[in-house]
Structure formats: structure tokens, C-alpha cells
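Colleague: Chains as they are written, first to last, in the numbering used here: chain A, 19 to 209; chain B, 19 to 209.
There are 2 protein chains.
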Amino acid sequence: MSLEHAILVSLLEQPASGYELARRFDRSIGRFWTATHQQIYRVLKRMESDDWLTAEEVGQEGLPDKKIWSVTPTGRSALVAWLRAPVQPEAVRHELAVKIRGAAFDDAAGRAALVAEVERYRADHAATLAGYLAGERRDFPDPAARDARAALQHVVLRGGIAYERMVLAWLDDVLDTLRDLDPATSRKANP
Amino acid sequence: MSLEHAILVSLLEQPASGYELARRFDRSIGRFWTATHQQIYRVLKRMESDDWLTAEEVGQEGLPDKKIWSVTPTGRSALVAWLRAPVQPEAVRHELAVKIRGAAFDDAAGRAALVAEVERYRADHAATLAGYLAGERRDFPDPAARDARAALQHVVLRGGIAYERMVLAWLDDVLDTLRDLDPATSRKANP
DNA sequence: GCTTGCTATGCAACTCGTTGCATAGCAGGA
DNA sequence: TCCTGCTATGCAACGAGTTGCATAGCAAGC
């Protein structure tokens, strides 16, 4: 739907090659829009044929050539038109929530395995939160003096931080709930 | 990926026709897994041919026949196997976050339009939260006395409530940030 | 010398998800 | 009477996203 637009925003912030874009989608942009390099290369070609982007070939010593993509005025117009269109409702897909409700149809051993899995999942989110907070200290040390772009990037990052904090608190709630169902098993697993 | 498993959980909680399932995916299950009736009918057929489900044809007065689907032992085994497999990382796709970062490349008029859109979006989420809270009062009036299934359904609902509260707080942060960028315009729009 | 991993791009095949449309009878309101 | 909307299911076409694989040179470590 709007991978194109996520790419436009990223390239307006800073022109990049497909490969660099793919790495951004593993990092900052990936906080709110995921994409693989396959998707990105395919969409870049379509955007070029639609005259949304132009490429500058750059030769590199000892490395393959790369194409640095920039947004054309046409692409920028397309982005602005999309920005002013209504926001689509999000398609929620939360696998863990399905598993938690499904745990009612497994036995105590299965729920103990789920507890372990939720703990692992929680550790991942704790690491993500720590990464966000480190990025915030690094990129936005002074909340007062900054331009529109930084202010908007920062508020999106704060959204990521708020999300991760909410998830961690909820996962604690989930762990308490799961352990209350099978007190003996969880006492064994967590003496 | 796991629409099958969401369907298995829902049918184990209560057997249903494809149509009834589709409505559940607009309501309780839809809080954490969305699906259209097209997807559901297609997947139900595949699950039947995999012997995960059986159908009972039910004639109705004045209405088309319907098939009531139930989970077979094979289907239940498949669910349990999936429950015990690792949780996959979620694919995040948050269109509004892309638009907010994109707002740096629009003008004050565009950002004013985005403020209006965020306000509408906020109202939707406030309504969703109100619906969740009403459902919680209706379905889980007594947090003490209840079985595993209710406890697990409730903790998933609490996750939805925590999510909506977090979103509302973040949207207020977003609105403040957007208004700070164009004080004159926002004063005009919000006297 | 061999393996692993990084930069850099891409094809092909597949599955998943969306959109538009179709059928068909009945109920309720303008 | 006509239109809208609900129950109930489904086909067909398309678009989005995933997975596996391929190329190709260089650097670093064992």
C-alpha cells in the first residue's frame, strides 16, 4: 500500500541506494514499516518508471556500482497528495495474542512452554526499548532547539518508546496470568 | 501465516459458520487478527481438506443453509504444535507514523490537514477504547472467580485496552508537536 | 586455503491478502 | 414499490509480501 511513500519519505530525508534503504528498513524506518530488500528493489523500479525517482550511478573502488536514488518533483507531489489523504485503519495481526487465547486448549506443560516463550519475547522487547532510548539520547539530546524534521522524527520515536513500554507492562500481566493458571508448574519453573 | 490458527482458537471456543466467524473477526478476534470473509472461506476449505475441521450442514427457515464448523482432533493437534513453536517477530506497518515523518516535506496547510486527520483518528481510537471498556465490564465483571479460558481472554482484552490508552496519549503528543510547528495556522484552526 | 560475512543487485516462484462482483431470499422502512 | 440491508457463500483477478536462489568481488579470521 504505502511502501512507496515510506521510501519517498526516507529518500527525501536522505538520498540512498537500494541497499542502504534496505538497511534503513532494518533500523529507523523499520520501527514503523518493515520491508525486505526484494520488495524495495522491485518498488524502486516501479517508482523510477513512474518518474517518482531518478538514479545516479556511482562507481565504487573494489565494490559493485550502486545507484543513488533521489525523489523527483513528481514523486514529491505524489507524497504530498498521499499525506493529505485519509489514514487507513491499521490491519492488526498479533500472533502472541492468538497463542495466549489458544493456551486455554493446551495443557499445563504447553502453558509452561508458552511462559518461557513470553519471557524470551519480553527480553526482545526490553532490548528494543533500550535501543530506542539510546537512540533518543544520541539523536535528540536537546528537545528545545531543532527543526521540523527532527521534531517529527522525535515524536515518532517517542511513539515507539511508548509502545515498547506498554508491551513490557502487558507481558508482565500476561506472565502473572499464565502462572496463576498452573501454580505448581510455574513454581517448579520459577523457584 | 496463522489465520488458520486464529480460526482454530475461535472454533474451539465455539463452533460457528463461516459467516459467524467473519463477524467474530470484525469483533473480538479482530482486536488482534483481521480477516475478510473471502480469506476465511478460502482457508476453511483448505482446513477441511487437511482434516482440521468437519462441517455440519444446518438448514434454516427462510435463510440459506449454513455449515457449522468444528475442530477435529487433527486440527487440535495442529494448534497445539503451533502454540509450542516460537513466536514470530511482528511485521509492523504503521501508516500514520510514515505520514507524520512525511509532514516535514509538506507545507503548513498540509500539516493543518494532518492535524485534522489525526484528530479524527484519535476519535476512532477513543471509541474503540470505550467499546473495550464496556466489553470488559460486561464479560469480566468478577476478576476473581473464573476459568482458564476467561482469564486468558481477559488478559488479551487488557492488552487491547493498554494499547488504545497508549495510542491516545501518543496522539496527544503528536498533536502538540504538529501544532508547535505552525503556531499561527493551528491557532486559526483551534481558536 | 577455506569459510564466513559484507556490499550490491536481481530473478522466479509462491503464498497471502484485497477488491469487485454474483447469487438468493427475506425483512423493514420511505 | 423500491431500496437498503442482513444472512450466507463463493469465483476471479489482481496486488502485496515472502522465500529461495544467484552473481561477484573483497576483507577478515581460523
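Yeah, the Cβ is synthetic: ideal placement off N, Cα and C, and Gly gets one too. Everything numeric in this text was worked out from a predicted model, so none of it was measured.
1. So, is SER28 of chain A buried or exposed, given that buried needs 16 or more other C-beta atoms within 10 angstroms?
2. Could you name the residues of the same chain whose beta carbon sits closer than 7 Å to that of ALA53 of chain B, not counting the 5 residues immediately before and after it, in chain order?
3. Against SER214 of chain B, what residues of chain A qualify as contacts under a CB-to-CB distance less than 9 Å, listed in chain order?
4. Run the CB neighbour count on ASP171 of chain A, radius 10 Å, all protein chains shown included, and call it buried at 16 or more, exposed below.
5. Spatial neighbours of LEU30 of chain A within its chain, please: CB distance less than 6 Å, with the 5 preceding and 5 following residues excluded, ordered by chain position.
6. What residue ranges within the segment 46-99 of chain A form continuous alpha helix (DSSP H) runs of no fewer than 4 residues, ordered along the chain?
7. Is there a Cβ of chain A sitting closer than 8 Å to that of PRO104 of chain B, yes or no?
8. Taking the straight line between their C-alpha atoms, what separation do you get for LEU71 of chain B and ALA34 of chain B?
9. Starting from VAL105 of chain A, trace the alpha helix (DSSP H) both ways and give me its first and last residue.
10. If you follow the alpha helix (DSSP H) that SER28 of chain A is in, where does it begin and where does it stop?
11. In chain order, what residues of the same chain have a beta carbon less than 8 Å from the beta carbon of PRO209 of chain A, not counting five sequence neighbours either side?
12. Output the boundary residues of the alpha helix (DSSP H) element that contains HIS143 of chain A.
13. Which same chain residues, not among the five before or five after ASP69 of chain B, have their C-beta less than 7 Å away from its C-beta?
14. Is there a Cβ of chain B sitting closer than 8 Å to that of HIS23 of chain A, yes or no?
15. Given this structure, state the Cα-to-Cα distance separating GLU135 of chain B from GLY48 of chain B, to the nearest angstrom.
16. Report the partner residues of ARG111 of chain A according to the DSSP bridge assignment.
17. Using a beta-carbon distance below 8 Å, is ALA187 of chain B in contact with chain A?
18. Are the segment 145-155 of chain A and the segment 176-185 of chain A touching, with three or more C-beta to C-beta distances below 8 Å?
19. Give me, in chain order, the residues of the same chain whose beta-carbon lies closer than 7 Å to that of VAL192 of chain B; leave out the 5 immediate sequence neighbours on both sides.
20. So, is the C-beta of ALA207 of chain A closer than 8 Å to a C-beta in chain B?
21. Please report the distance separating the alpha-carbon of PHE158 of chain B from that of ALA103 of chain B.
22. What does the Cβ neighbour count give for ASP124 of chain B, buried or exposed, with the cut at 16 atoms within 10 Å?
23. With a cut-off of 8 Å, does the C-beta of VAL61 of chain B fall near any C-beta of chain A?
24. For ALA180 of chain B, which of helix, strand or coil comes out of DSSP?
25. Tell me which residue opens and which closes the alpha helix (DSSP H) that ILE162 of chain A is part of.
26. 8 Å is my cut-off, CB to CB: does ALA162 of chain B come that close to chain A?
27. Quick one: which chain B residues come within Cβ less than 7 Å of GLU184 of chain A?
28. For VAL133 of chain A and ALA115 of chain A, I'd like the C-alpha separation in whole angstroms.
29. Answer yes or no: does any C-beta atom of chain B fall closer than 8 Å to that of LEU199 of chain A?
Modeller: A quick look at the data gives this:
1. buried
2. LEU21, PHE43
3. In the structure as shown, chain B begins at 19 and stops at 209. Residue 214 of chain B is therefore absent and cannot be evaluated.
4. According to the sequence shown, residue 171 of chain A is Gln rather than Asp. Buried: at least 16 other Cβ atoms inside 10 Å.
5. VAL89
6. 55-67
7. yes
8. 11 Å
9. It is not in any alpha helix (DSSP H) - VAL105 of chain A carries neither H nor E in the DSSP assignment.
10. 21-31
11. With a pLDDT of only 45 at PRO209 of chain A, under the threshold of 50, the placement of this residue in the model should not be trusted; the figure read from the coordinates follows. Excluding sequence neighbours, PRO209 of chain A sits near nothing in its chain.
12. 126-157
13. THR90, THR92
14. yes
15. 23 Å
16. B:TRP51
17. yes
18. yes
19. ILE118, VAL136
20. Confidence at ALA207 of chain A is low in this model, with a pLDDT of 49, below 50, so its placement is unreliable and the value that follows should be read with caution. Judged by the 8 Å Cβ criterion, ALA207 of chain A is not in contact with chain B.
21. 30 Å
22. buried
23. no
24. helix
25. At residue 162 of chain A the sequence reads Ala, which differs from the Ile that was named. No alpha helix (DSSP H) holds ALA162 of chain A; DSSP gives it neither H nor E.
26. no
27. The sequence as given places Met at residue 184 of chain A; Glu does not occur at that position. Within chain B, the residues near MET184 of chain A are ALA180, TYR181, MET184.
28. 13 Å
29. yes
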